[in-house]
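All remarks here apply to the structure that follows.
In my numbering, the protein residues as written are 9 to 492.
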């Protein structure tokens, strides 16, 4: 008979695990070792008041943890002399899947009469995550994540399993569900006034899902588009609490968070990264549009440290009439030429409204109904000199428009995900629609925080192998006056 102490690993479902019968000192050891310090904790009230030590912990003091950590925890338990017993209460059974081929939707033709054929990397990505029975695929914006989602939905649907796809915006709900139906899937949408719960498969947003989290119980397969958003607490909790029975969970994104804690939260919800192909590789292969990033730094005639904080500097930049007019003049000039379709991303609704008014452009923001947004976005399909101003919160992720020839990024900030996702709005390529290249204009200032943020963005451009050049625009206010 073994004299070793028995430790039980109770796998309660597809996410949650309880470690039972450990010594107190070992619970404490795991509690302290599986922790990440929040680098910004010093600015948070709970830390300042002493209610929180600044660490995010992934094993509680009573041994509650995540399936993702089992492989790291077991060797520790063995080293500490435990004999391990496993209690596995997962109910799902593994479904053997055949690799997909490029013609999975070849029986359907697009608007040009060509069959829908998956690209080689799309087949590789889908087969990689399906073979792993879950996981994350990283592919640059424009890589075709919708058709990859549809392929996963199709093959699991053939096995009698129901799939729910979570997308980041209401616009994408209708776009994706329409595409799914076009490819022969019985897919409905749950968003706003449309609630098609009777369909085999469903497309929704996490914002809609949080109001009816119980419907996750009806699905066997979960797909999260732009899954870097899984770092959001609402989505993470939905997956952990209401979707914990779902064995097959897949994530798709163009960018994973750089922050260790945020990245780990995505992995805990959806599993490991199984496939990756960068946007620069897809550009080189000819699948995405080529781009040039033109950094235009508008030089202000004030000291760069004049404003005491970021908020006051931003308020100045967003209210400067000459600056707004200069940007408007540039947008009008570019949009009036050949390949003039222009999308402008801003960070503020009031600023966006001012800029759109100065240009005479369409303004789209979160308060607009989905149909209103779609009407504005659809202009890019048929018109040649369209200008749409919108917020980066609404259109900075997931928006699928081919004929964007010019993309303006106004004072975009320093977020890696926001920067790369925003650039992605210009990466979509459609040779038959005449879109093979996009000019991107990164417009910023020479003030303290704007310069700091630009350095961050330039670093991201370099890491992504995106071509860029920087131009300092002096005396821009005088050029506005002279034009008038």
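Even glycine gets a Cβ: it sits at the ideal position worked out from N, Cα and C. Bear in mind that the values here come from a model prediction, so they are computed numbers and not experimental data.
| Query | Result |
| --- | --- |
| Spatial neighbours of residue 124 in its chain, beta-carbon cut-off 8 Å, leaving aside the 5 residues before and after | 113, 114, 116, 117, 118, 155, 191 |
| Proximity of residue 49 and residue 62 at Cβ, strictly below 7 Å | yes |
| Helix, strand or coil at residue 59 according to DSSP, with G and I counted as helix | coil |
| Burial state of residue 102 (16 or more Cβ within 10 Å) | exposed |
| For residue 449, the residue or residues it bridges with in DSSP | 302, 416 |
| Three-state secondary structure assigned by DSSP to residue 90 | coil |
| Residue 289 - containing alpha helix (DSSP H), residue span | 287–292 |
| Extent of the continuous beta strand (DSSP E) run through residue 274 | Not the beta strand (DSSP E): residue 274 falls in the alpha helix (DSSP H), residues 268–278. |
| Cβ-based neighbour list, residue 434, same chain, cut-off 7 Å, excluding 5 preceding and 5 following | 297, 299, 412, 415, 446, 448 |
| Alpha helix (DSSP H) segments (min. 4 residues) lying fully within the segment 376–408 | 378–390, 400–403 |
| Anticipated Cβ contact below 8 Å, residue 36 with residue 28, distance rounded | No, residue 36 and residue 28 are not in contact; Cβ-Cβ is about 16 Å, not under 8 Å. |
| Beta-carbon gap between residue 290 and residue 148 smaller than 7 Å | yes |
| Coil, strand or helix - residue 233 by DSSP | strand |
| Beta-bridge pairing of residue 281 - partner residues as DSSP gives them | 144 |
| Neighbourhood of residue 305 by C-beta distance below 6 Å, restricted to the same chain and skipping five residues each side | 452, 454, 480 |
| Where residue 314 falls, given that 16 or more other Cβ within 10 Å makes a residue buried | exposed |
| Cβ contact (3+ pairs, closer than 8 Å) linking the segment 248–256 and the segment 218–236 | yes |
| Straight-line gap, residue 70 to residue 246 (C-alpha atoms, nearest Å) | 22 Å |
| Enclosing alpha helix (DSSP H) for residue 75 [first to last residue] | From DSSP, residue 75 is part of no alpha helix (DSSP H); its letter is neither H nor E. |
| Residue span of the alpha helix (DSSP H) that contains residue 49, given as start and end | Counting along the chain, residue 49 falls outside any alpha helix (DSSP H), and DSSP gives it neither H nor E. |
| According to DSSP, residues forming a beta bridge with residue 443 | 438 |
| 8 Å CB neighbourhood of residue 39 in its chain, flanking five on each side removed | 65, 67, 68, 69 |
| Inter-stretch contact (C-beta, 8 Å, three-pair minimum) for the segment 337–350 and the segment 390–409 | yes |
| Reference residue 31, options 76, 91, 53, closest by Cα | 91 |
| Terminal residues of the beta strand (DSSP E) in which residue 175 lies | 171–175 |
| Simplified DSSP assignment, three categories, for residue 221 | helix |
| Inter-residue Cα distance where the pair is residue 327 and residue 359 | 7 Å |
| Whole-angstrom distance between residue 487 and residue 342, CA atom to CA atom | 16 Å |
| Where residue 214 falls, given that 16 or more other Cβ within 10 Å makes a residue buried | buried |
| When 318, 324, 181 are compared against residue 460, the one with the closest alpha-carbon | 318 |
| Integer-rounded CB distance, given that residue 279 should sit under 8 Å from residue 144 | 6 Å |
| Distance, residue 418 Cα to residue 476 Cα | 16 Å |
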